[in-house]
Amino acid sequence: MPFIRPAEEKDLHCIEHICRMTAGPEAKKNEEVGRKISLTYSTYYARAERETCFVLDENGTAVGYILCAPDYLKYAKEYRKNEVKQLWKIDKTQSIAACFLPFGYLPFKNKYPAHLHIDLLDEYQGQGYGSQLMSALLEKLKEMQVPGVMLIVDKNNTGAQRFYERAGFKKIISAFGGVVMAMEL
Ligand SMILES: CC(C)(COP(=O)(O)OP(=O)(O)OC[C@H]1O[C@@H](n2cnc3c(N)ncnc32)[C@H](O)[C@@H]1OP(=O)(O)O)[C@@H](O)C(=O)NCCC(=O)NCCS
Numbered sequence: 012m013p014f015i016r017p018a019e020e021k022d023l024h025c026i027e028h029i030c031r032m033t034a035g036p037e038a039k040k041n042e043e044v045g046r047k048i049s050l051t052y053s054t055y056y057a058r059a060e061r062e063t064c065f066v067l068d069e070n071g072t073a074v075g076y077i078l079c080a081p082d083y084l085k086y087a088k089e090y091r092k093n094e095v096k097q098l099w100k101i102d103k104t105q106s107i108a109a110c111f112l113p114f115g116y117l118p119f120k121n122k123y124p125a126h127l128h129i130d131l132l133d134e135y136q137g138q139g140y141g142s143q144l145m146s147a148l149l150e151k152l153k154e155m156q157v158p159g160v161m162l163i164v165d166k167n168n169t170g171a172q173r174f175y176e177r178a179g180f181k182k183i184i185s186a187f188g189g190v191v192m193a194m195e196l
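Counting from 12, one number per residue, gives the positions in the sequence shown under the numbering used here.
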């Protein structure tokens with residue numbers, strides 16, 4: 012029976028795998044594309060923010076995650092220093108795009124200093140595990156007295172938007188193909 016637990020160092024590869032497998036058909040079939048997407052969207056959190064990352068564990072393997080950076084300033088600095096640098100060695104265009112990624116969260120950093128990513132492998136979706144991961148994270152952020160949490164979701168991912176609304180997030184703004192959703196804690 013799958014259960015929720017804090018992320019550990021050993022989960023890094025599983026977390027990168029889940030990121031790749033939930034990032035669309037191109038990332039699924041092309042390992043190189045998948046690797047760059049994982050490095051862009053998941054590695055930083057699994058490496059540097061484990062206190063606010065939780066996984067869904069089935070037989071010792073992570074099959075879903077919620078990843079969160081609780082402090083925008085730390086995230087922007089360390090992500091650029093490490094993951095953006097690593098990407099530079101693999102693909103300069105992707106590295107430049109990743110360098111701009113933190114700007115998406117910047118306007119919201121005072122009210123909502125934390126941001127998150129959540130993904131479950133296909134066969135674990137729609138069974139309440141996403142809600143359990145979200146509850147674990149929100150409890151932790153409240154304990155840490157973080158004032159607010161936000162995320163950016165693709166405007167076409169209406170299923171995920173519905174999920175976030177059910178979890179208590181409100182839509183703040185839509186721009187450049189993304190929808191910003193946030194919650195005060
Ligand atoms: C989005 C995701 C994290 C939700 O987790 P989940 O375990 O599937 O969701 P749950 O079973 O906990 O559902 C919680 C609530 O959200 C709703 N919900 C979840 N996914 C939904 C969807 N695709 N469409 C509509 N409603 C949805 C459920 O109906 C449920 O509502 P209820 O409280 O009224 O019963 C998960 O489906 C997933 O990983 N999807 C693919 C990757 C993705 O889109 N990630 C988000 C990127 S921003």
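Just so you know, even glycine gets a beta-carbon here, dropped at the ideal spot from N, CA and C.
- Counting C-beta pairs closer than 8 Å gives three or more between the segment 44 to 55 and the segment 13 to 33, which meets the contact rule.
- Closer than 7 Å to some heavy atom of ligand 1: that describes the Cβ of Ala-171.
- In this structure the segment 142 to 152 does not touch the segment 104 to 124; the number of beta carbon pairs closer than 8 Å is below three.
- Here the alpha carbon of His-126 sits roughly 21 Å from the alpha carbon of Leu-132.
- Here Ser-185 is exposed, its C-beta having fewer than 16 other C-beta atoms within 10 Å.
- A distance below 8 Å separates the beta carbons of Pro-13 and Asp-68.
- CA-CA distance, Val-191 to Lys-21, rounds to 31 Å.
- Contact between the segment 88 to 108 and the segment 155 to 173 is not established, with fewer than three Cβ pairs separated by less than 8 Å.
- Counting every other CB atom within 10 Å of its CB across the protein chains shown gives Lys-181 a total below 16, marking it as exposed.
- Scanning the segment 72 to 155 for uninterrupted alpha helix (DSSP H) segments of 4 residues or longer gives 83 to 92, 94 to 101, 103 to 111, 140 to 154, listed from N- to C-terminal end.
- DSSP places Ser-49 in the helix class (H, G or I) of the three-state scheme.
- Where Phe-187 is concerned, there is no enclosing beta strand (DSSP E), because DSSP gives it neither an H nor an E.
- Membership of Met-32 in the alpha helix (DSSP H) is indicated by the continuous run 23 to 32.
- For Lys-39, the secondary structure class from DSSP, reduced to helix, strand or coil, is helix.
- Each of Gly-179, Tyr-175, Arg-177, Asn-167 was checked against the Cα of Gly-188, and the nearest Cα belongs to Asn-167.
- Contact check for Met-145 and Ala-178: beta-carbon distance about 5 Å, within the 8 Å limit, so the pair qualifies.
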